[in-house]
Amino acid sequence: MADVGHLLLIVALGVCVVGIYAALTAAHTGQDRWLTYARRAVFALFAVLSLSFLILELAFLRTDLSYEVVSTHSSTTTPVLYRIAAAWSSQEGSLLLWAWLLSLWSSLVMYVVRGRLRDIQPYAIAVLLGFGAFFTGLLVFSVSPFTLLATPAAEGAGLNPLLRHPSMMIHPPMLYSGYTLFAIPFAFAVSALLKRHVGPEWIAATRRFALAAWLFLGIGIMLGARWSYAELGWGGYWAWDPVENASLLPWLTGTAFIHSIMLQERRGMLKIWNASLVLTTGTLCILGTFLVRSGILDSIHAFGASTLGVPFVTLIAIMIGGSIALVVSRREVLRSENRLDSLLSREAVFIGNNLVLVGLAFVVFWGTFFPLISEAVTGTKRAVGPPWFDKYTVPLALILVLLSGIGPVIAWRRATLANLRRNFTVPAIAGAIGLLIGLALGASGNVFAVIMFGAGAFVAGTVGQEFWRGVRARRVMSPGSSVPRALVELVARNRRRYGGYTVHLGVAVLFVGVAASSAFQQNNTIQLAPGQTKTVGDYVLKYDASTNGAPSNKAGELERIELGAKVSVWRDGKLVTRMRTSRGYYPTTAPDAGPVGRFFEGESVTEVGLDAGPLKDYWVAYAPDGGFLGKVVDALDTRLLATNATAEQTGVSVGNLARAMSQREATFRFIASPLVGWIWVGAIIVFAGGLIALWPAGSRTPAAARAASGRRADLEEEKSARYREIREAELDYRTGKLAEEDYNAYDAELRANAVALLDELDELEDDESDATTRDSGEPR
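Heads up: the sequence shown is residues 91 to 870, going by our numbering.
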């Protein structure tokens, strides 16, 4: 089957080449038959790569050790779920997964835009198949996953212990889905620029792909953060690791793009900016894929040095040079149709939001690549640490949260004083309460944390106010409707708007969790002997008992040596929690390693003790007495090697080692982090909002489209009438013709009706934007 798999990769490369030729011919001649051939090539690529990937997965499931990639990344004792994940733990398998996902999303976009955007499709297909040719070419000529061993291994090396975590099933596929989905708007942007068709059509066709890319990439990033927090034993969730940063970069620029395209769709603004953003995002996705494989920057996530650096650098250089040339050469057709009317407007807030996001991306990029920059300039490779990143990213994050609270409610074009007072009174009060809560909790020593509490409450006030106004307006339009039903109808009828509000709320909750866990965290490292207790800040930590052991695998062989402890945490004489923590030592296959020492020369994994709660997390990690452990291991290896000990005797020695270590003092790192769970809750809210915004609206018939157009005209007229009534009521109140009590009741009803009208107009506008290229055979 390996030969079939490799042959399929060769066929996939041929399909890409033929498809590119057909697409370019279609672009040159305008003949539909060539476009049809190109589209079929995309679908064929998906089919061929699906079969190839299936063959590789079956090899891992069968533990076919004649495959080199299986023997180095799996074993007969690896659990079934981890055998599946082991396919993308390798360089070869991850590249095949990347190519397969690209073919999947490319096929999906071909299905979605069938019969439409026919002038833009050819070059977009050529770009997508160009990516496909690049990755399949690497798989055919450089790192084939179907290489066979001359002599099959008796047993595989197994999956790296650090990767034996449930997140391994989801985290890499989510990241790669984000990377490959961003290739869709990148390809269509390139095609739109080449054809000089820079209107909103290509944005409407690919907006959901950009949003899906943002969603999947964000899920992948947060899964990685949670994995790091719960598994790696260092106590944090973000270490500013180069590979972590590489995934964050396109997410930041992609977020900016998703926001700024609203200005292009509504007012024809920021066309150059949007084109630059989407091209940058696509390039950063390839850069992130490259960093994992290049070895040019030190990272625990990287595959290590490889021979793929030159091809990737060449591709990135082509993408950067081509993007710059396209934007510069098309700058005339990319001119904005409107200008910014006022700094007090939603347009200005969106621009500010974009500048902050791009600023964050620049800081992350500079800090990530600083070792290479410093080596090129000074000859010395120096890195910057988390304090450097925090110095710049924390204030930018504060501004970003504040803007996410201002943007949803400030008026388009120009905000009036009355508009500002009406829309920001409640959020400002909520923000002030948040500041007071931060001070009351004792965060006064951390100014940024206090401000973040206020900013988070400000955003919550904004979002809560908008949802309440929308629900009230919906109930005015449907008298007798319950609040829950009105809420569901509100969100269902305007998913983009209220999905976006939900995302903003989630971001605020997430950053409040970051601020609280940083400002109030207690982090201590202590040494304890079994049965001993020590005071750690507000807590007393007790080493209850050792949990040392040597678990065996299904074959009855020693799988690892595990040294650990049971720990209890007390406060004010009351038990807070009990936790177990350990460190597992997995054997190396190096031939010169001793029978016991081989366990301590391989990989080691910390299993942290974690008691997570809504208000506070308790976290503890164990480390044995390294000096004593080294002496015991050396002594045991010397004795066992001198006597040619059997496996049974080695097992007895390992048991003696575990008992000896159970009496020794150990080092514990104990962390108490308030509200750190809000980070994960905030992330869930963000992704729920993303799903709401991504969820498609139903298709409209031509008759429905005409009815919607007529309804829009009626609503515009009614809106003008409502605002005339509001102005007349204000005049009557000021001149004494209307009592204050009557005015307040009348004004509330009028404004609720006005909000309902604006909501329905927004719904129609979103539907029309989505239907720009859906309701007719050609783009409008």
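Just so you know, even glycine gets a beta-carbon here, dropped at the ideal spot from N, CA and C.
For residue j and residue i, the rounded distance between their alpha carbons
i    : j    : result
R559 : D822 : 25 Å
L238 : Q181 : 16 Å
L531 : G551 : 20 Å
L765 : L322 : 20 Å
A794 : M258 : Confidence at A794 is low in this model, with a pLDDT of 48, below 50, so the placement of that residue is unreliable and no value is reported for it.
A117 : V333 : 38 Å
A798 : D431 : Low confidence applies here, because A798 scores a pLDDT of 48, under 50, leaving its location unreliable; read the following figure in that light. So the two alpha carbons sit approximately 29 Å from each other.
I616 : V630 : 11 Å
I293 : L784 : 14 Å
V499 : N513 : 6 Å
G663 : F601 : 33 Å
R587 : N643 : 53 Å
E119 : P212 : The sequence shown places Thr at residue 119, rather than the Glu named in the question. The straight-line gap from Cα to Cα measures roughly 11 Å.
E465 : S413 : 27 Å
L186 : L139 : 8 Å
H349 : N444 : 8 Å
M217 : T404 : Note that residue 217 corresponds to Val in the displayed sequence, not to Met. Computed Cα separation, rounded: 15 Å.
G603 : L146 : 41 Å
T757 : V771 : 31 Å
F236 : Y157 : 6 Å
P677 : S232 : 30 Å
N509 : E291 : 33 Å
A605 : L374 : 28 Å
I110 : G220 : 7 Å
I376 : I408 : 11 Å
L252 : G674 : 10 Å
Three-state secondary structure (DSSP) of residue i
i    : result
R420 : coil
E355 : helix
G222 : helix
A748 : helix
L695 : As written in the sequence, residue 695 is Val, which differs from the Leu given in the question. Strand, per DSSP.
K471 : coil
G325 : coil
C106 : helix
G246 : coil
G308 : helix
L155 : coil
L492 : helix
G826 : coil
S426 : coil
F272 : coil
D431 : coil
Q211 : helix
V604 : helix
G457 : helix
The alpha helix (DSSP H) enclosing residue i, as first and last residue numbers
i    : result
W768 : 767-784
T515 : 507-530
R562 : 537-567
A702 : Looking at the DSSP string, A702 is not in any alpha helix (DSSP H), and its letter there is neither H nor E.
W190 : 181-202
P574 : 573-583
D724 : 716-732
L171 : 170-176
In DSSP terms, what residue i is bridged to
i    : result
L631 : K624, V659
Q617 : T757
A762 : Q612, Y708
M669 : V657
Y675 : I651, S694
L238 : Y157
K664 : R661
G639 : E652
Limits of the beta strand (DSSP E) - the one that residue i falls within
i    : result
D707 : 706-713
### Query
If we count Cβ pairs, one from each stretch, closer than 8 Å, do we get three or more for the region 678-691 versus the region 722-733?
yes
### Message
Any contact between the region 190-209 and the region 266-283? By contact I mean 3 or more CB pairs, one from each, below 8 Å.
### Response
yes
### Message
Tell me whether the region 352-360 and the region 638-649 touch, counting them as touching only if at least three CB pairs, one residue from each stretch, are closer than 8 Å.
### Response
no
### Query
Does the region 490-504 come close enough to the region 434-453 that 3 or more CB-CB pairs lie under 8 Å?
yes
### Task
Taking 8 Å as the threshold, find out whether the region 221-237 comes into contact with the region 94-108 through three or more Cβ pairs.
yes
### Query
Hey, is the region 238-248 in contact with the region 163-172, meaning 3+ C-beta pairs nearer than 8 Å?
yes
### Query
Are the region 520-528 and the region 538-548 touching by the rule of at least three beta carbon pairs closer than 8 Å?
yes
### Task
Tell me, please, whether the region 366-381 touches the region 271-290 by the rule of three or more beta-carbon pairs shorter than 8 Å.
yes
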